[in-house]
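In what follows, a structure is listed as structure tokens, so that the remarks can point back to it.
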Amino acid sequence: MSLLSQRGTDESFTPDHKPLMGEAPELRGFFLGCGFNSAGMMLGGGCGQELAHWIVHGRPEKDMYSYDIRRFHHSLTDHTRWIRERSHESYAKNYSVVFPHDEPLAGRNMRRDPLHEELLGQGCVFQERQGWERPGWFNPQETAQVLDYDYYGAYGNQAHKDYTYSRLLGDEYTFDFPPHHHMIQKECLACRGAAAVFNMSYFGKFYLLGVDARKAADWLFSADVNRPPGDCYYLAVGGAVAQHNWSHINTVLQDQEFRCQLMDSSEDLGMLSIQGPASRDILQDVLDADLSNEAFPFSTHQLVRAAGHLVRAIRLSFVGELGWELHVPRASCLPVYRAVMAAGARHGLVNAGYRAIDSLSIEKGYRHWHADLRPDDSPLEAGLAFTCKLKTSVPFLGREALEKQRATGLRRRLICLTVEEEVPMFGLEAIWRNGQVVGHVRRADFGFTVNKTIAYGYIRDPSGGPVSLDFVKNGEYALERMGVTYAAQVHLKSPFDPDNKRVKGIY
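If you want it as structure tokens, here you go:
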């Protein structure tokens, strides 16, 4: 099935208004360079150069992730309705202003987890990622069901009237704080003060298994993941990048001739994350396991029963709180969720969505793929050296490049900045240091706990020298938003809980 929607004989539009480039996931050695959405003259030169490098060296020089054909899940590229609807909407919005919190109206409800109807009834306003409907935020006053695409009233279709979801999206078409800012604030503060449950079922869930699984894991992952027995690994990856991860891992397995395979269980498992200072008390009433620090340390997992259902409990957090993820068989998701909500009622447990995760995670300095981390960034530049097993002699993909970079010094570094004034920022704002532009913001959000705008971006030394920690510290910073500069403070640690106590249960 083609991902291109043709208009006339000379133009084509893709489902997300971006070109299709790179190696086809279905056929090794077959590369694409098409779907330029009526911008081929503008994009052709640079994309052609990157594609040539891609073919010769196996990867482009620059960050081409947004154009990589592997960004689409196969269930979408095989679906005629999704391609037709999304390609139409990308054409209809060709010259539209791109607002920070916009969502498509076309090609929706392709992939829904077992909690979809339950959360819809509780006021969930959904976001679309890779066909999945994931919770964005909660608006308990209204039910915001996503309706079938109406083609904006074109081609004889009747445009939806009194469409709640479309109206809520339209209210968010702003570069100021959105009108639902206070609702997201409530979710964030409830997580920090009591507990929140996040439905993260859209995550990709893979099993890496086979006789060479340990060798493959050693090579694929920069961190030391060697644990007994080592013949099977469970991988949970963000749903928006699951297909790209799947394609990349399988490519490496094939190229390195590892005798193992990757099994996709994304549709078979749900994922609930219960986070906050009350999470232990809540889950202790649901799980048949000792959740103390001694019995269930941070970054460990156990197979336990939740309200009688077998689940995998993992003590992790992406919001910087004491908490657990429950990886639940699909048929058990609803009863486990209801048991958690019942146990949490007296502790102030609330539903929360990904808009809250964005705010909470940036407060804690947790990195987001393709915002803080891109294919042309290194773990050293991103402040993630602790995730690399460089103190061992174990080879892994990218080790030589990291060792070379460590020896020569970092020419750029990811930094955290906060702005005292309550001003919205979304990314791409210029970073000024001592009167010179030294970089731009990759990701920004408002931190409700610290009550400040928080921004992350990579900076360089205008002289071309290494960017040391002294260089970072000894500067006066400002962020420029729409022509106005705002004084900013630099942080070497995250502005919230810099000593990392809360994930350890220390409050």
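Using the UniProt record's numbering, the letters of the sequence shown correspond one by one to residues 1 to 507. The beta carbon of each residue, even a glycine, is placed where N, CA and C say it ideally should be.
Does the distance from the C-beta atom of residue i to that of residue j stay below 7 Å?
i           : j    : result
G276        : A339 : no
K205        : A236 : yes
L168        : H160 : no
L322        : S266 : no
F296        : K504 : no
P178        : E187 : no
V286        : A352 : no
A106        : E85  : yes
residue 508 : V419 : Since the first residue shown for the chain is 1 and the last is 507, residue 508 is missing from the structure and cannot be characterised.
F203        : S273 : no
G136        : Y354 : yes
Q436        : P395 : no
P424        : D176 : yes
G29         : L51  : no
E363        : G447 : yes
If you draw a straight line from the C-alpha of residue i to the C-alpha of residue j, how long is it?
i           : j    : result
E11         : P379 : 39 Å
H181        : A356 : 10 Å
R315        : L303 : 12 Å
H248        : Y149 : 33 Å
L390        : S361 : 26 Å
Y65         : M21  : 9 Å
residue 508 : P140 : Within the shown structure, residues of the chain are numbered from 1 to 507, placing residue 508 beyond reach of any answer.
D445        : V211 : 44 Å
D68         : R367 : 21 Å
L402        : P466 : 15 Å
E294        : T300 : 11 Å
P15         : G40  : 16 Å
P495        : T485 : 21 Å
G193        : E103 : 30 Å
I385        : A487 : Just to set this straight, residue 385 is Ala in the shown sequence, not Ile. Each residue's Cα considered, the two are about 29 Å apart.
T392        : E118 : 48 Å
W246        : N474 : 42 Å
M42         : H88  : 22 Å
S460        : D470 : In the sequence as displayed, the identity of residue 460 is Arg instead of Ser. Those two C-alpha atoms are separated by around 13 Å.
P114        : A313 : 18 Å
C388        : S75  : 34 Å
H208        : Y233 : The residue asked about is misnamed: residue 208 is Leu in this sequence, not His. If I take the Cα positions, the gap works out to 5 Å.
G365        : N500 : 11 Å
S166        : T143 : 12 Å
E162        : T77  : It is Asp, not Glu, that sits at residue 162 in the sequence shown. D162 and T77: Cα-Cα distance of roughly 31 Å.
K215        : Q256 : 10 Å
V250        : R70  : First, the residue type needs correcting, since residue 250 is Asn and not Val in the sequence shown. Rounded to whole angstroms, N250 to R70 spans 12 Å at the Cα level.
Y95         : V490 : 37 Å
In the DSSP output, what is residue i paired with across the bridge?
i    : result
D264 : F206
E23  : F31
T418 : I454, Q489
R135 : A small fix is needed here, since residue 135 is Pro in this sequence, not Arg. Beta-bridge pairing links P135 to F126.
F496 : According to DSSP, which records beta bridges pairwise, F496 is partnered with nothing at all.
G323 : Q275
R111 : W132
G439 : I431, I459
D445 : I454
R413 : I459
V311 : V304
N199 : L272
P329 : L269
W82  : Paired residue(s): none; W82 is not in a bridge.
Assuming residue i contacts residue j (C-beta within less than 8 Å), just tell me the rounded distance between them.
i    : j    : result
M183 : F138 : 7 Å
N37  : F13  : 5 Å
C47  : P25  : Going by Cβ atoms, the distance from C47 to P25 rounds to 19 Å, so no, they are not a contact pair.
R443 : Y456 : 5 Å
A190 : V350 : 4 Å
E325 : M271 : 6 Å
D224 : A213 : Contact doesn't hold; Cβ gap of about 15 Å is too wide.
L253 : C260 : 6 Å
Does the beta carbon of residue i come closer than 7 Å to any beta carbon on chain B?
i    : result
Y165 : Absent here is chain B; the protein component of the structure consists of one chain.
Taking three-plus beta-carbon pairs below 8 Å as touching, is the stretch 408-426 in contact with the stretch 329-341? Flag = no, the stretch 408-426 and the stretch 329-341 do not touch.
Touching by the beta-carbon criterion (3+ pairs, under 8 Å), the stretch 300-320 and the stretch 335-352: Short answer: they touch.
I'd like to know if the stretch 364-382 and the stretch 207-220 are in contact, where contact means that at least 3 CB-CB pairs between them fall below 8 Å. The answer is no - the stretch 207-220 does not touch the stretch 364-382, with fewer than three Cβ pairs under 8 Å.
Tell me whether the stretch 426-444 and the stretch 475-491 touch, counting them as touching only if at least three CB pairs, one residue from each stretch, are closer than 8 Å. Taking a cut-off of 8 Å for Cβ pairs, the stretch 426-444 and the stretch 475-491 touch, as three or more such pairs fall below it.
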